[in-house]
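Going down the list, the protein sequences come from chains A and B. FYI, the numbering for the first sequence is 84 to 526, going by this note's numbering. FYI, the numbering for the second sequence is 2 to 240, going by this note's numbering. Reading through the structure tokens given below for one structure.
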Amino acid sequence: MRSPEDRGLRESATYDRAAIAAIQHAADTGVYDIRGWGAKRPLPHFDDLLFLGSSMSRYPLEGYRERCDTDVVLGDLHEADPIHIDIPVTIAGMSFGALSAQAKEALGRGASAVGTSTTTGDGGMTDEERGHSDKLVYQLLPSRYGMNPDHLRAADALEVVLGQGAKPGGGGMLLGQKITERVAGMRTLPVGIDQRSACRHPDWTGPDDLAIKIHELREITDWQKPVFVKIGASRPYYDVKLAVAAGADVVVLDGMQGGTAATQEVFIEHVGIPILAALPQAVQALQELDMHRKVKLIASGGIRNGADVAKALALGADAVSIGTAALIALGDNDPQYAEEYELLGSAAGYYDDFQDGRDPAGITTQDPRLAARLDPVAAGHRLANYLRVLTLEAQTLARACGKSHLLHLEPEDLVALTVEAAAMSRIPLAGTSWVPGGGRDFG
Amino acid sequence: METLNETLQETITFDLGTEGVRDLNAELHAPTARRYRVKNPLGAHAVAAGVDGDLEILIEGDVGYYCAGMNQDGRITVEGSAGPGVAENMMSGVVRIRGNASQSAGATAHGGLLVIEGNASTRCGISLKGADIVVGGDIGAMGAFMAQAGRIVVCGDAGDGLGDSIFEARVYVRGEVGALGADCIEKDMGPEHRAELKELLTRAGMTEGADDPAYLGRFRRYGSARTLYHFNSDHSGRY
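Quick look at the structure:
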């Protein structure tokens, strides 16, 4: 049978198939769509930037012979014990509960194999995670599920979470299918309830309070742990300045492409700004405070390949963080489960029902039968491979730009392909010196 | 830091008028004594935060934010009032405030006992995760917000929004209660609840009330109706 397009039928750009399906779902169920993953709409992104590379006026490094270092130090500002990571790619916060214990272990194994860090999530620290992560960042979220001072002291760094890119202004969510006895016990919740967490911290409001909160965390940990502050990208110019004023060693900036385990579709697609637009604002804020490269900046949200890594660093980040891509590396959306994705009403490459707990790949589930499918050793190896490729790709681009360290990449190495990307990134449109919108004068 | 010999155990005295909170907490985290006396706290923040051991700490004056934060096993008394987040995320031990407490007292506390002999401000016991809180006076609005487990006793009045989105925590209030929060309802007071209340008041040192049936009889119990535990679009107007 010929496709609708072949038959001359015209699909509405406004009411496309996804919009029609969403209306039908709302009418059928009376509830809004909740899903995982991150924003799926087209967004200005790092793809809209290009490296210029070297020729006569710039001097390249030999691709396979000359050093291009990749190490980064996080948290060396306030005399805490900093985290030294070998590559500028870290694993973002993802909770046990949202992910299986096997997935958390695999993340730790993969990250540790290449000398980088992992991050806990909205559900506390598990032994699997601590045991297999050489460098572990412990998150302090509004819910404080499983928050334990012993874990604060056992962590390598602390991360105060104000928001995430998928839902700036929103709290955590974990549906009843995934609130098993173990998850419920760690979170002090009844088994099987639909957990909807607070979006505001329970014991502080505003930047002045945050400074006092960070002081308390430093006191509890005897000033040994670097303190990260994670913000969802919405008003990063102001939020970054306030985070620095509050005493952050590291600011984690998560763009709207950043993933989630469970959030309303309307939230994922309609709140926050792309990391391409957020990152230059954050860098400007740090520069104005004379804190750029002192308070470290980690960018996340849509990092897929070494080009994304290199471009984020060139725009001024000190490192990037990956979540969705790490899960894909573990085995999420693997074609080997194509038939099972179909049975769930999805397809390999499209699966985003992380909230549902029936992940065939055993990653976003608490079902022991499904979770047992994920071999933490093999999955960790896949993640390590992927992280090595990200690093090698970024090094390739950096050497082409004549850089002996990834952190030497700079905005002058880039041009923008589109007017939108040029305006957001403050990188000149290719072939011109034009930066629409006035460039670097956000404040 | 001066060392005194009081009663049978050595007591170490800190004067926060001349010494820093960092010095105090460093000592408390690697204790060389079992008893401590803190003079002139002067509203300092994070006083005795992160205590991890069976220490007896007497703070002679008012404290700022997060006094006794994340306490484990410490027996900490404030001879004054406490700022926001006193005993936040406490795991165990006993924290006693002789005066009043500001907002978010006992926030997210997992265990132990927090006694506030005066009044507590808003969000007392917010996201409580298993600790017990006994307040001799009133509490402000939004008490026990999203409280998950543990018990809260209020000998005075409770402000509006009590127990909003409460989970399995139990709340006892002797005085007037403002508007209840979403999904919070009054529940029956059975013999087991009266026994629980008596035990909590006794542990808090409020034995006069604990031993008076008429006093106990004026308390009412509040908890979750459990109607918001699962998504239901018919409840959208209740959030």
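Think of the CB as a built atom: it goes at the ideal place given N, C-alpha and C, for glycine as much as any other residue. If you're wondering where the values come from, they're calculated on a predicted model, not measured in any experiment.
*Using Cβ-Cβ distances below 7 Å, what residues of the segment 212-234 of chain B are close to chain A?*
230, 231, 232, 234
*CA-CA distance, residue 101 of chain A and residue 107 of chain A?*
10 Å
*Which residues in the same chain have their Cβ closer than 6 Å to the Cβ of residue 134 of chain B, if we skip the five residues on either side of it in sequence?*
107, 115, 126, 153
*asked:* If I measure Cβ to Cβ from residue 124 of chain A and keep anything under 8 Å in the same chain, skipping five residues before and after, which residues do I get?
replied: 352
*Would you check if the distance between the CB atom of residue 111 of chain A and the CB atom of residue 166 of chain A is smaller than 8 Å?*
no
*Min CB distance residue 70 of chain B to chain A below 8 Å*: yes
*Under 8 Å Cβ to Cβ from residue 479 of chain A, same chain only, skipping five residues before and after it: list those, please.*
146, 389
*Use the C-beta contact count for residue 287 of chain A: other C-beta atoms within 10 angstroms, 16 or more gives buried, fewer gives exposed.*
buried
*Can you list the residues of chain B that residue 230 of chain A reaches, using a CB-CB cut of under 7 Å?*
90, 109
_Quick check: the segment 179-192 of chain B against the segment 146-166 of chain B, are at least 3 beta-carbon pairs closer than 8 Å?_
yes
_Straight-line Cα distance separating residue 207 of chain B from residue 220 of chain B_ = 14 Å
_Where the segment 9-28 of chain B meets chain A: residues whose CB sits under 8 Å from a CB there_ = 22, 23, 26, 27
*How would you label residue 528 of chain A, buried or exposed, when you count the other beta carbons within 10 angstroms and need 16 or more for buried?*
This structure cannot settle anything about residue 528 of chain A, because the visible part of chain A is limited to 84 through 526.
*At which residue ranges does the segment 333-412 of chain A contain complete alpha helix (DSSP H) runs of 4 or more residues, listed in the order of the chain?*
348-353, 358-371, 389-397
*Answer yes or no: does any C-beta atom of chain B fall closer than 8 Å to that of residue 298 of chain A?*
yes
_CB-CB length for residue 334 of chain A against residue 380 of chain A, believed under 8 Å_ = 5 Å
*Which residues of chain B have a Cβ atom closer than 7 Å to the Cβ of residue 277 of chain A, listed in chain order?*
230, 231, 232
_Pair within 8 Å by beta-carbon distance, residue 132 of chain A and residue 426 of chain A_ = no
_Local Cβ density within 10 Å of residue 283 of chain A, reported as buried at 16 or more and exposed below that_ = exposed
_If the criterion is Cβ atoms closer than 8 Å, does the pair residue 485 of chain A and residue 183 of chain A meet it?_
no
*Give a yes or no on whether 8 Å exceeds the smallest Cβ distance from residue 328 of chain A to chain B.*
no
*Sequence-distant residues of the same chain with beta carbon closer than 8 Å to residue 109 of chain B, five excluded per side*: 89, 90, 127, 128, 129, 130
*Tell me where the beta strand (DSSP E) around residue 221 of chain B begins and ends.*
221-225
_Quick check: the segment 39-46 of chain B against the segment 63-79 of chain B, are at least 3 beta-carbon pairs closer than 8 Å?_
yes
*Give a yes or no on whether the minimum CB-CB distance between residue 161 of chain B and chain A is below 8 Å.*
no
*Within its chain, find whatever has a CB closer than 8 Å to the CB of residue 60 of chain A; leave out the 5 residues flanking it on each side and keep chain order.*
No statement about residue 60 of chain A is possible, as the shown extent of chain A runs from 84 to 526 and does not include it.
*Flag this pair as touching only if the segment 142-157 of chain A and the segment 431-439 of chain A have three or more C-beta atom pairs under 8 Å; answer yes or no.*
no
*Can you find a C-beta in chain B that's less than 8 Å from the C-beta of residue 285 of chain A?*
yes
*Mark residue 191 of chain A as exposed unless 16 or more other C-beta atoms lie within 10 angstroms of its C-beta, in which case mark it buried.*
buried
*When the Cα of residue 70 of chain A is compared with those of A/126, A/87, A/92, A/376, which residue comes out closest?*
This structure cannot speak to residue 70 of chain A, because chain A is shown only from 84 to 526.
*Proximity winner among B/97, B/17, B/158, relative to residue 70 of chain B (alpha-carbon distances)*: B/97
*asked:* Can you tell me whether residue 179 of chain A is helix, strand or coil according to DSSP?
replied: strand
_Coil, strand or helix - residue 152 of chain A by DSSP_ = strand
*Tell me, please, whether the CB atom of residue 241 of chain B is closer than 8 Å to any CB atom in chain A?*
Beyond the ends of chain B as shown, which are 2 and 240, falls residue 241 of chain B; an answer cannot be given.
*Please list the partners that residue 130 of chain B has in chain A, where partner means a Cβ-to-Cβ separation under 7 Å.*
271
*What residue from A/325, A/266, A/465 has the CA that sits closest to residue 417 of chain A's CA?*
A/465
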